[in-house]
Amino acid sequence: LKLRQWGGMSPEFMATVEQRTVEAIAAAQADLAPAELSLGKCRATGGSHNRTVKQGVARTDAEFGPQSTDDERWLDTMLHALVFRRAGKKPDLVWYHFSAHVVCYADEQAGPDWPGEVAQEVRKELGLRPSFLQGHIGDVNPGDGSDWRGEIRQTVAAITPALKKAIADASPQRVDCLQTLSAPFQAPLDMERFDQWVDEYRRDPDKCRSGPWVDAGFAADWFRGNENRDRSVKHLPITLGAVQIGPVGMLFHPGELYSFYGLAIRRDSPLRDTLVVGCANDSIGYLPDPAAYRLGEYSAIVVPKIVDLPPYQPTAARDMAAAAVALVKQMVG
226 LKLRQWGGMS PEFMATVEQR TVEAIAAAQA DLAPAELSLG KCRATGGSHN RTVKQGVART
286 DAEFGPQSTD DERWLDTMLH ALVFRRAGKK PDLVWYHFSA HVVCYADEQA GPDWPGEVAQ
346 EVRKELGLRP SFLQGHIGDV NPGDGSDWRG EIRQTVAAIT PALKKAIADA SPQRVDCLQT
406 LSAPFQAPLD MERFDQWVDE YRRDPDKCRS GPWVDAGFAA DWFRGNENRD RSVKHLPITL
466 GAVQIGPVGM LFHPGELYSF YGLAIRRDSP LRDTLVVGCA NDSIGYLPDP AAYRLGEYSA
526 IVVPKIVDLP PYQPTAARDM AAAAVALVKQ MVG
């Protein structure tokens with residue numbers, strides 16, 4: 226994985242991650258035990274905000290319905306907790322899903338932070354070790370928006386009590402089915418827009434020093450790496466994965482999805498509660514809405530250059546969400 230200007234992961238580090246992943250899978254298999262599933266929910270108001278609009282403009286999941294569209298910006302405030310009560314004196318498990326970026330940047334430190342603080346508090350008070358499932362974060366930062374970068378103490382203070390309440394209120398679920406299904410998806414790339422970027426830089430590099438070009442060094446490096454890109458490749462192949470645990474669904478995708486599409490997948494899924502988990506199986510950058518391209522937002526115009534991909538078609542997130550719903554429907558039958 227290499228991110229332009231941000232740096233990359235060394236092959237040695239990635240090899241270590243792969244090895245630890247294999248070890249974790251083996252340990253999980255050795256730790257298998259019968260379990261009963263409970264599901265709890267609680268809105269974590271103040272735990273996240275839609276960073277693309279002014280406070281109070283984004284509509285929330287509480288208002289989301291059949292007529293909702295991606296013409297508006299949305300915020301999913303609902304926290305879901307899956308509680309697995311295990312037999313044989315095995316420690317119980319908690320998986321919780323929430324839509325907030327894992328990094329609070331107000332302290333100017335890199336790396337995930339608030340999920341660790343939340344886990345420590347829950348472990349201390351309840352004796353449980355919660356595992357975080359990343360929700361839709363294409364347009365969402367942690368915290369209430371008083372600092373758009375996310376402030377860790379305020380974020381933890383909003384999410385921790387919501388998680389504890391979701392655990393306490395969790396109700397048993399009848400699990401009569403456990404199945405998985407995956408499918409390829411071809412994310413459509415906007416090669417016409419990409420060609421415009423290449424031509425713009427080629428005509429006048431001195432004008433490509435800020436804004437969507439970040440700075441002169443960034444722009445020059447992007448041009449060197451992309452001027453000879455194969456224009457015949459117009460799709461990015463990705464994998465979507467679905468899991469059914471009784472009445473609960475999980476949909477895994479590799480993007481940072483704008484909130485509307487995560488909510489739409491949940492709304493249109495045949496399973497009553499479907500958790501849409503991002504940044505899974507790959508990292509392909511943001512999947513914005515069409516307005517992001519019209520407005521020239523960072524997610525649509527700059528991030529593709531950072532992750533070294535052409536921009537997506539403005540309707541790519543729409544298309545992927547439809548494919549995700551179709552996959553869950555196929556799995557359920």
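According to our numbering, the stretch in the sequence shown is residues 226 to 558, in order. Every residue, glycine too, gets a C-beta built ideally from N, C-alpha and C.
#1: What does the Cβ neighbour count give for N366, buried or exposed, with the cut at 16 atoms within 10 Å?
#2: Skipping 5 residues on each side, what residues in its chain have a beta carbon closer than 7 Å to that of L496?
#3: Could you spell out where the alpha helix (DSSP H) holding T294 opens and where it closes?
#4: Using a Cβ-Cβ cut-off of 7 Å (strictly less than) and excluding sequence neighbours within five positions of A546, which residues of its own chain qualify?
#5: May I ask you to list the residues that DSSP assigns as paired with C267?
#6: If contact is defined by three or more beta carbon pairs under 8 Å, each pair taking one atom from either stretch, is the stretch 374 to 388 in contact with the stretch 331 to 344?
#7: Can you list, in chain order, the residues of its chain whose CB lies under 8 Å from that of L351, leaving out five sequence neighbours each side?
#8: How many angstroms separate the CA atom of V278 from the CA atom of G368?
#9: Take R418 as the anchor and find which of D431, R456, V439 and S235 has the nearest alpha-carbon.
#10: Out of K266, E297, G313 and K315, point me to the one whose CA is closest to L304's CA.
#11: Whose C-alpha, out of S356, E333 and D301, is nearest the C-alpha of D317?
#12: Would G521 and P413 be called neighbours here (beta carbons separated by less than 8 Å)?
#13: Any idea which residues DSSP pairs H460 with across the strands?
#14: Using only the alpha-carbon positions, how far apart do R268 and G442 sit?
#15: Give me the Cα-Cα distance between R354 and I531, rounded to the nearest whole angstrom.
#16: Pick from Q404, T385 and R428: whose alpha carbon is nearest that of Q345?
#17: By Cβ distance below 8 Å, which residues in the same chain neighbour G313 in space, the five residues on each side in sequence not counted?
#18: Entirely within the stretch 444 to 512 and at least 3 residues each: give me those beta strand (DSSP E) ranges in chain order.
#19: Counting C-beta neighbours from all protein chains within 10 Å, is the total for C201 16 or more, i.e. buried, or is it exposed?
#20: State the Cα-Cα distance for the pair G360 and V242, rounded to the nearest angstrom.
#21: Please classify F238: is it buried, with 16 or more other beta-carbons within 10 angstroms of its beta-carbon, or exposed?
#22: Give the C-beta separation of H174 and L358 to the nearest angstrom, bearing in mind that I take them to be a contact with Cβ-Cβ under 8 Å.
#23: Answer with buried or exposed for L403, where buried requires no fewer than 16 other C-beta atoms within 10 angstroms of its C-beta.
#24: Shortest alpha-carbon distance to S324 belongs to which of N275, A251 and D429?
#25: Can you tell which of S524, R519, L465 and A516 has its C-alpha closest to the C-alpha of A549?
#26: Express the C-alpha separation of D498 and T302 in angstroms, rounding to a whole number.
#27: Once the 5 residues before and after D364 are set aside, which same chain residues still bring their CB inside 6 Å of it?
#28: Looking at C-alpha atoms only, which residue of P291, G370 and D256 is the closest neighbour of T270?
#29: Since Y330 is in the beta strand (DSSP E), which residue starts that stretch and which ends it?
#30: Considering only the alpha carbon of each residue, which of A283, A542 and I509 lies closest to V528?
#31: If you draw a straight line from the C-alpha of R434 to the C-alpha of R427, how long is it?
Result, derived from the coordinates:
#1: Counting the other CB atoms within 10 Å of its CB gives N366 a total of 16 or more, which places it among the buried residues.
#2: Here the set comprises Q469, P472, V473, G474, V553 and V557.
#3: Looking at the DSSP string, T294 is not in any alpha helix (DSSP H), and its letter there is neither H nor E.
#4: Once the five neighbours on either side are set aside, the close Cβ partners of A546 are Y486, A489 and I490.
#5: DSSP links C267 through a beta bridge to L304.
#6: By the C-beta criterion, the stretch 331 to 344 is judged to be in contact with the stretch 374 to 388, since at least 3 inter-stretch pairs fall below 8 Å.
#7: Around L351, the same chain offers K389 and I392 as residues with beta carbons nearer than 8 Å, after the five sequence neighbours per side are excluded.
#8: Rounded to the nearest angstrom, the gap between the Cα atoms of V278 and G368 is 14 Å.
#9: Closest option to R418, Cα to Cα, is R456.
#10: Checked all of K266, E297, G313 and K315; the closest Cα to L304 is K266.
#11: Distances from the CA of D317 to each of S356, E333 and D301 were compared; the closest alpha carbon is that of S356.
#12: Result no, Cβ atoms of G521 and P413 do not sit closer than 8 Å.
#13: For H460, the pairing in a beta bridge is given by DSSP as P413.
#14: Their backbone Cα atoms lie some 43 Å apart in a straight line.
#15: Each residue's Cα considered, the two are about 34 Å apart.
#16: When only C-alpha atoms are compared, the closest one is T385.
#17: The beta carbon of G313 is closer than 8 Å to those of A258 and P259 in its chain, skipping five residues each way along the sequence.
#18: For the stretch 444 to 512, the full-length beta strand (DSSP E) segments reaching 3 residues or more read 460 to 470, 473 to 477 and 498 to 502 along the chain.
#19: Any property of residue 201 remains undetermined from this structure, which presents the chain solely from 226 to 558.
#20: Roughly 22 Å separates the two Cα atoms.
#21: F238 comes out exposed.
#22: With the chain covering 226 to 558 only, the question about residue 174 has no answer from this structure.
#23: Classification of L403: exposed, given that the 10 Å Cβ count is below 16.
#24: Of the listed residues, the one whose Cα sits closest to S324 is N275.
#25: For A549, the nearest C-alpha among the options comes from L465.
#26: Their backbone Cα atoms lie some 14 Å apart in a straight line.
#27: N275, T277, Y483 and S484.
#28: Residue G370 holds the alpha-carbon nearest to the alpha-carbon of T270 among P291, G370 and D256.
#29: Judged by DSSP secondary structure, Y330 falls outside any beta strand (DSSP E); it is assigned neither H nor E.
#30: Ranking the options by Cα distance to V528, first place goes to I509.
#31: CA-to-CA, the gap between R434 and R427 works out to about 13 Å.
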